[in-house]
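191 is the number that my numbering gives to position 187 of the sequence shown; each next residue is one higher, with no gaps. A virtual CB, placed ideally from N, CA and C, is assigned to each residue, including glycine. Here the structure is laid out as C-alpha cells; the discussion comes afterwards.
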Amino acid sequence: MNNLWKVQFSMDQALSIKNLNELLKHDREKGGNLEERHIPEAFKIRVKLYKLNKLWSLSRYHLRTGKITSTFYEKRVTRLTFVMDKRKAQHTRLIDGELEVISKRISSKEFRLNVTLLPALIGGKRVYGVGNNLDQALAVRFIQKTLKVLNEIRMPSRDTLVSQIKSLALDGVPKYIIRSDVESFYESVRHKELLDGIHRSPELSVLIKRILTRLMKDYATASGETNGLPRGIGISAYLSEIYLSSIDEKIRRQDDLFYYARYVDDMVLMYAPQRKELATKYLSTLSEILHDKGLKFNNKTKAIDLLEEQKGKFDYLGYTFDVSNSSRGVRLSERKFEKYKSRIDKAFTDYSSKCSFIPKKSAEELILRCLFLTGNMRLFNRKSNAFIGIYFSNKHITDTKQLSGLDNFYRSKLRSITNPSLTRKLSKLSFEKGFKEKLFRNFDSKQLSELSRGWKHV
C-alpha cells in the first residue's frame, strides 16, 4: 500500500453512515446476522426484497419460455419496480436512522468497549467479550478494519502455510527446523509498549486511539493483570499482529534462514546452515528476540536436526508433519484426530439422552451431525468460494488410515442405536468415503446454528 492511500484512509476514519453501512454490508457477505439481530424491521424489508427479486427472475423465465406475454411481463416489471423502490427507500431510512444514532454514540468522548469476563474457559484460558448491542459490534469492526489497512496486516492463509511447509519439510533436503510456540502470548503483551506504538501512529484518529487506550485499561481492571490482550475480542488479533511485526523483521534477518511462517504466535522456521555447528545458536537467538518483547517459548517448542539424518516430526495448524525416511508424510495431528472423536461421541451421547422423550427430533439431530462430520460444504454469502469439511479441512494429509480409524470408532457408536431405520441411514456414512469422493452436503443457516451450539467448545 502506498503512502497516498494511507493518507486517504486516515482522512476517512469518521464513523459516517456510509462507513458503518459498509460494515453491515461486509457482515452480510460473510453470512453474519447483525442487521437481523439489531435492526429487525430493516431485515424484514430485506427479506421482502429478496422475494420480490425472485419473483422478477421467475417472470423473466416465464417470458423466455412463453408462459407469459411481453405485455404482461412489462406490466409486472413496472409494478415490481415501483414496490421494490418503495421498499428500498424504507430500508435505507431505517438503516440510516439507526446508524446516525450509533455514529453519535461511538464518536462521543464517553464511549468505551464494555469488556467483560465470560463465564466459560476455552482451552483453559479466560475469554472476554464486549457489549451485545450494535454500537459495540460496529465499533470493534471499524477499528479492526482501520488497523488492518493502516498497518497492512494480512492474516496468512492456513492452507497456504500448510502447503508450503509440506513441500519444504518433506523434500528430504538437509535442514534445521524449529517449531516454536509462545508461552501465554495473549497474556504477555506489554500494554505500555503496544499503546506507545499506537499513539505514535500519525495515521490513527484520536477517536480510535482513545477507544484502544480505554480497552487496555478496562481489560487490566477486569483481568487484574497489567499485561495482556483480551482473548475473544476481535480487535486483539489485529493488536497482536502489530505487536509481533517487529519480531517478524528481526527473525527474517537471521543468517541461514530460508523459510519463516507465523500464524498468530505459532511459528515454523527452517535454516540451511553454512556450517553444522551454527545450528546450535538458532534456538537461543530466537529466544533472545522473543525475550526483548517480554515473550518466551512454551513446552511445544522443539528443534529438529535434519542435517545428517532425516528423522522427526512436528505439529502445526492441525497437521503432523513426519519428516522421517521410514514414515514420511502429513497426517492429522493427534489433537485434531481426538477432536473428531469427541464430536462423534458428543453426537451419540446427546441422541442417547434425548431419544426416549423426543425420538424424531433427536434422530434428525444425530443424522445432521453425522452428515456434517463425514461430508463437505460450501460456505455461502461469501464473495469467494469457501469450502470446509472432512476433505477441504484436511486435504494435505498423505494417507487416510486415520480416517479409517474414525470410521471404526463411528461404527462402534452405531451399535448403541436400537432404531433399525436410523442405523441403516447412518451406516451409509463414512469419513474415508467423504474425503476420497469429496461428498458435499447442503445445510441451511438454521441447521448450521444448531450444529454450532451442539458442539460449542468441543
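Beta-bridge partners of L336, as assigned by DSSP: By one-based count along the sequence shown, residue 336 stands at place 332. DSSP, once it has assigned bridges, lists Y323 as partnering L336.
Beta-ladder partner(s) of N25, from DSSP: Here residue 25 is taken as the residue at index 21 of the sequence shown, counted from 1. Residue pairing by DSSP leaves N25 without any beta bridge partner.
Reduced DSSP secondary structure (H/G/I, E/B, other) of F444: In the sequence shown, residue 444 corresponds to position 440, counting from 1. In the three-state DSSP reduction, F444 falls in the strand class (E or B).
Contact set for I202: own chain, Cβ-Cβ below 7 Å, skip 5 residues either direction: Translated into the one-based positions of the sequence shown, residue 202 becomes position 198. The residues are L208, K213, L216.
Residue of L370, L27, T353, D309 minimising C-alpha distance to F146: Here residue 146 is taken as the residue at index 142 of the sequence shown, counted from 1. If we check each option's Cα against that of F146, L27 comes out closest.
7 Å Cβ shell around K152 - same chain, five flanking residues per side excluded: Here residue 152 refers to the residue found at position 148 of the sequence shown. The residues are Y242.
Residue from L53, V131, G128 with nearest C-alpha to T96: If you number the sequence shown from 1, residue 96 lands on position 92. By alpha-carbon distance to T96, the top candidate from L53, V131, G128 is L53.
Spatial neighbours of S244 in its chain, beta-carbon cut-off 8 Å, leaving aside the 5 residues before and after: Position 240 of the sequence shown, counted from the first residue, corresponds to residue 244. Hits under 8 Å: F189, Y190, V193, L233, V268, D269.
For D309, the residue or residues it bridges with in DSSP: Start at 1 with the first residue of the sequence shown, and residue 309 comes out as number 305. Per DSSP, Y180.
Span separating the alpha-carbon of D100 from that of I394: Working through the sequence shown from its first residue, we reach residue 100 at position 96. Working through the sequence shown from its first residue, we reach residue 394 at position 390. Distance between the alpha carbons of D100 and I394 is about 42 Å.
Outcome for Q278 when other beta-carbon atoms lying within 10 angstroms are tallied against a minimum of 16: Stepping through the sequence shown from its first residue, residue 278 is reached at position 274. It is exposed - the Cβ of Q278 has fewer than 16 other Cβ atoms within 10 Å.
Nearest-angstrom Cα separation, counted from L455 out to I251: Residue mapping note: residue 251 aligns to position 247 of the sequence shown, counting from 1. Residue mapping note: residue 455 aligns to position 451 of the sequence shown, counting from 1. Going by the C-alpha atoms only, they are around 39 Å apart.
Assigned secondary structure, D403 (DSSP; H/G/I helix, E/B strand, else coil): Here residue 403 refers to the residue found at position 399 when the sequence shown is read from its first residue. Looking at D403 - three-state DSSP - the assignment turns out to be coil, as it is neither helix nor strand.
Exposed unless 16 or more other CB atoms sit within 10 angstroms - verdict on K179: One-based indexing of the sequence shown puts residue 179 at position 175. Buried: at least 16 other Cβ atoms inside 10 Å.
Cutoff 8 Å: K315 Cβ touching any chain B Cβ: No chain B is present in this structure, which holds just one protein chain.
Secondary structure of Q124, DSSP reduced to three states: Against the sequence shown, residue 124 aligns to sequence position 120. Reading off the sequence shown, one finds Ala at residue 124, where the question assumed Gln. Reduced to three states, the DSSP call for A124 is coil.
Backbone CA spacing between L40 and L117 [nearest angstrom]: Numbered from its first residue, the sequence shown carries residue 40 at position 36. Numbered from its first residue, the sequence shown carries residue 117 at position 113. The sequence shown places Glu at residue 40, not Leu. The alpha-carbon of E40 is positioned some 22 Å away from that of L117.
Three-way DSSP call (helix, strand, coil) for F396 in this model: Here residue 396 is taken as the residue at index 392 of the sequence shown, counted from 1. In this structure, F396 counts as coil in the three-state DSSP scheme.
Length of the line joining the Cα atoms of R445 and T402: Indexing the sequence shown from 1 puts residue 445 at position 441. Indexing the sequence shown from 1 puts residue 402 at position 398. Using only the alpha carbons, I get a separation of about 24 Å.
Cβ neighbours of S431 in the same chain (closer than 8 Å, five flanking residues each side left out): For the purposes of this step, residue 431 is identified with residue 427 of the sequence shown, where counting begins at 1. Contacts found: R415, L418.
Contact check, L239 vs Q148, beta carbons under 8 Å: Locating residue 239 in the sequence shown gives position 235, counting from the first residue. Locating residue 148 in the sequence shown gives position 144, counting from the first residue. Looking at the sequence provided, one finds Ile at residue 239 rather than Leu. Contact flag set, yes.
Outcome for G70 when other beta-carbon atoms lying within 10 angstroms are tallied against a minimum of 16: One-based indexing of the sequence shown puts residue 70 at position 66. G70 should be labelled exposed.
A173, DSSP secondary structure in three states: The residue you call residue 173 lines up with position 169 of the sequence shown. The answer is helix: DSSP assigns A173 an H, G or I state.
Rounded separation between S111 and I237 - CA only: Here the question's residue 111 lines up with position 107 in the sequence shown. Here the question's residue 237 lines up with position 233 in the sequence shown. Cα to Cα, the separation comes out at about 20 Å.
The stretch 169-187 touching the stretch 318-327, judged by at least three CB pairs closer than 8 Å: yes
Buried versus exposed, by CB contacts within 10 Å (16 or more), R183: On the sequence shown, residue 183 is found 179 positions in, with the first residue counted as 1. By the 10 Å Cβ count, R183 comes out buried.
Enclosing beta strand (DSSP E) for N155 [first to last residue]: Start at 1 with the first residue of the sequence shown, and residue 155 comes out as number 151. Per DSSP, N155 lies in no beta strand (DSSP E) segment and is marked neither H nor E.
Backbone CA spacing between G409 and L433 [nearest angstrom]: Position 405 of the sequence shown, counted from the first residue, corresponds to residue 409. Position 429 of the sequence shown, counted from the first residue, corresponds to residue 433. Between G409 and L433, the C-alpha separation is close to 14 Å.
Residue from G316, Y344, I348, G379 with nearest C-alpha to V334: Taking the first residue of the sequence shown as 1, we reach residue 334 at position 330. The shortest Cα separation from V334 among G316, Y344, I348, G379 belongs to G316.
Reference L24; option with closest CA among K405, G128, V144: Position 20 of the sequence shown, counted from the first residue, corresponds to residue 24. Looking at the Cα atoms, V144 is the closest of the given residues.
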